[in-house]
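Number of protein chains: 2
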Amino acid sequence: MPAIARTNPIDQLPETRDVRPSAKFGIDMDLDDEVDELAQLSIPDVVIRRLPIYVRTLHSLLEKNEPSVSSEELARLIGVTAAQIRRDLSYFGKFGKQGKGYDVGYLSNTIERILKLDRTWDMVLCGMGKLGHAIANYRGFTRSSFVIAGLFDTDSDVVGEMVNDMPIQPMADLVKVMRENHISVGIIATPRKNAQETADLMVEGGVQAILNYAPVILRVPDHVTVREIDPVSALQSMSYYINE
Amino acid sequence: MPAIARTNPIDQLPETRDVRPSAKFGIDMDLDDEVDELAQLSIPDVVIRRLPIYVRTLHSLLEKNEPSVSSEELARLIGVTAAQIRRDLSYFGKFGKQGKGYDVGYLSNTIERILKLDRTWDMVLCGMGKLGHAIANYRGFTRSSFVIAGLFDTDSDVVGEMVNDMPIQPMADLVKVMRENHISVGIIATPRKNAQETADLMVEGGVQAILNYAPVILRVPDHVTVREIDPVSALQSMSYYINE
DNA sequence: CCTTCATTGTGACGTGTTTCACAAGCGAGT
DNA sequence: ACTCGCTTGTGAAACACGTCACAATGAAGG
């Protein structure tokens, strides 16, 4: 079996990644983060995938100057159960206070730290067709710890073109650029048939996370995480539920 | 609890939708589709979400003129286990032959029928900023049973503008247009703050499936399915796994 | 027609995930 | 300082999903 664990739209394959105990994330407040130094247990990917939503929701509470929030209320906002939120957070430590709930700012910082969002990640973007252009011009990444730092395409006609103040570079330079700049996140926006070879180059360049817009299941080594962006599949699965 | 079952990025909430028995899908070949007229059991959404990938993979086999395929080979191509594919298909009936595998064309047709892809679905697209423009110009939907049939925006400055040979219409007309044309699929590409109100309008217009590009969890009635397209969350969850 | 081979479909099992439900603990009010 | 009400964190139970392993069966070739 190839490495398609959490890597996958097709998804929920056995998850075997182990994870540092949450001690790592204790921070300077007097909240008791009792922490299991032992429990080297692997946190389910499904939990990890929920964390960004928690962060996003906490941010919106911060904007409203809510100082604290209960699991009940957070659950209502997100549309899950309160027990699930408490269970999810308990994988990482104890962040709440009985009778009070969670400190919004503290919890949001903590989850960001867990997700390693307390820094900026440079990314390469491969495939500069229409989709690639749209992604390169997208303003949402920077607000969220991610920055596109290099654009690449095989087509020599577009190489050199400036997009969002960055030149499109030849695909031949991808590996070099990734290595020199220690870039570990890549976005694939190539045509379907070039996606795998692009992924292979990214792996050679040291990629650890790939956001894949091409409608193919990529084969990557175990240490690389892949998430698919696949609107067509999403639509095709929803139509199953439509009546009439 | 609001209706966020299969509707959700946050996902895997209890699934309670029941589903017609696969008899519905028996077609005119001599393959034995023995079918459980009784078993009115609900098929897991996680299975439904895999079916489009199966279809896509079967299509690529069709292009290579492969007449048949074993669960083993299909599994290898997709990156899941053979048992999973057999189990998934068994929810709908018996489509294979012992010693031989599955007839590629037949299986692909059958799954398309199950997913209701043997017809065309008209969609409305709301929010004609950069993202909306990119989606409106995207060529991938039509190849897959989905067609954008109407564009909408609140901003009177862009209303009237032609995009991909279609005029942008005022949001005020959304409900009417959806009802008159029996449109049950909507795409939301509005700014975050307008997403919920847009969803509400779509519901009023009779929507049953929403593809949501806005970074918010939408509240919709039970009979509406929502899938999120959320590249930022995807990145934010992947960074957890990056070493260094 | 019989044998061999490959491969399905599915009970039984195992694992992973969610939910239940409650003891423990914090804080506010008196 | 004590009580009360609220909310956490978590064992234990329930549920959902994935995998194993094998009897059943179709196809191919003598």
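As they're listed, the protein sequences go chains V and U.
Going by the numbering used here, the first sequence opens with residue -11, and the numbers climb by one from there.
Going by the numbering used here, the second sequence opens with residue -11, and the numbers climb by one from there.
Think of the CB as a built atom: it goes at the ideal place given N, C-alpha and C, for glycine as much as any other residue.
Think of a sphere of 7 Å around the beta carbon of Gln157 (chain V): no beta carbon from chain U falls inside it, the nearest being about 21 Å out. Contacts between Pro219 (chain U) and chain V, judged by CB atoms closer than 7 Å, involve Leu199 and Ile217 in chain order. The residue among V:Asp210, V:Leu206, V:Asp218 and V:Glu216 with its C-alpha nearest the C-alpha of Leu65 (chain U) is V:Leu206. By DSSP's assignment, Ala197 (chain V) forms a beta bridge with V:Val173 and V:Thr213. Val112 (chain U) places its beta carbon less than 8 Å from that of Ile171 (chain U). Contacts with chain U at 8 Å (Cβ-Cβ) include Arg44 (chain V). Of all alpha-carbon atoms in V:Val191, V:Glu185, V:Ala177 and V:Leu223, the one lying nearest the alpha-carbon of Tyr201 (chain V) is that of V:Ala177. The Cβ of Pro40 (chain V) sits closer than 8 Å to at least one Cβ of chain U. Per the C-alpha coordinates, the member of U:Leu29, U:Pro40 and U:Val35 positioned closest to Ser133 (chain U) is U:Pro40. At a Cβ-Cβ threshold of 8 Å, Asp76 (chain V) and Arg107 (chain V) do not count as neighbours. Going by C-alpha positions, Asp33 (chain U) is about 18 Å away from Val173 (chain U).
Using beta-carbon distances, Arg37 (chain U) counts as an interface residue toward chain V, with a partner under 8 Å.
Taking a 10 Å sphere around the C-beta of Gln86 (chain V), we find fewer than 16 other C-beta atoms and assign the residue as exposed. With a beta-carbon spacing of about 6 Å, Pro203 (chain U) and Arg180 (chain U) fall inside the 8 Å limit used to define contacts. Straight through space, the alpha carbons of Leu119 (chain V) and Glu149 (chain U) are spaced by roughly 21 Å. Sequence-distant partners of Ser227 (chain U) (beyond 5 residues in either direction) whose C-beta falls short of 7 Å from its own C-beta are missing from its chain.
Burial is judged here by how many other beta carbons sit within 10 angstroms of a residue's own beta carbon; Leu29 (chain U) has fewer than 16 and is exposed.
The segment 47 to 66 of chain U and the segment 138 to 154 of chain U do not touch, with fewer than 3 CB-CB distances between them shorter than 8 Å.
Contact between Ser96 (chain V) and Val135 (chain V) does not hold, since the beta-carbon distance rounds to 21 Å and is not under 8 Å.
Its Cα nearest to that of Ile230 (chain U), the residue V:Gly194 stands out among V:Ser225, V:Ile217, V:Gly194 and V:Gln224. Residue range Met154 to Pro158 is occupied by the beta strand (DSSP E) that includes Gln157 (chain U), with no alpha helix (DSSP H) assigned at that position.
Chain-order list of chain V residues neighbouring Pro203 (chain U): Arg44, by C-beta distance under 7 Å. When rounded, the separation of the alpha-carbon atoms in Ile99 (chain U) and Ile175 (chain V) is 30 Å. When the beta-carbon positions are compared, Phe80 (chain U) and Tyr90 (chain U) stay at least 8 Å from each other.
Around the C-beta of His211 (chain U), fewer than 16 other C-beta atoms lie within 10 Å, and the residue is accordingly described as exposed. Here the alpha carbons of Gly93 (chain V) and His47 (chain V) stand approximately 8 Å from one another. Closest option to Thr45 (chain V), judged by alpha-carbon separation, among V:Met159, V:Met190, V:Glu61 and V:Val35: V:Glu61. Residues of chain U with a Cβ closer than 9 Å to the Cβ of Phe129 (chain V) are, in chain order, Pro219, Val220 and Leu223. Ranked by Cα distance from Cys114 (chain V), the first of V:Asp143, V:Thr69 and V:Pro219 is V:Asp143. In the DSSP assignment, Asp76 (chain U) falls within the alpha helix (DSSP H) that extends over Ala70 to Ser78. Contact annotation, Leu223 (chain V) with Leu162 (chain U): C-beta distance approximately 19 Å; criterion of less than 8 Å not satisfied.
The bridge partners DSSP lists for Ile136 (chain U) are U:Met111. Residue environment analysis places Ala160 (chain U) among the exposed positions, since fewer than 16 neighbouring C-beta atoms fall within 10 angstroms of its C-beta. Within a 10 Å sphere around the beta-carbon of Ser221 (chain V) sit 16 or more other beta-carbons, which makes this residue buried.
Under the Cβ criterion of 8 Å, Gly67 (chain U) is counted among the residues facing chain V. With respect to the C-alpha of Gly138 (chain V), the residue from V:Gly117, V:Val165 and V:Ala122 having the closest C-alpha is V:Val165.
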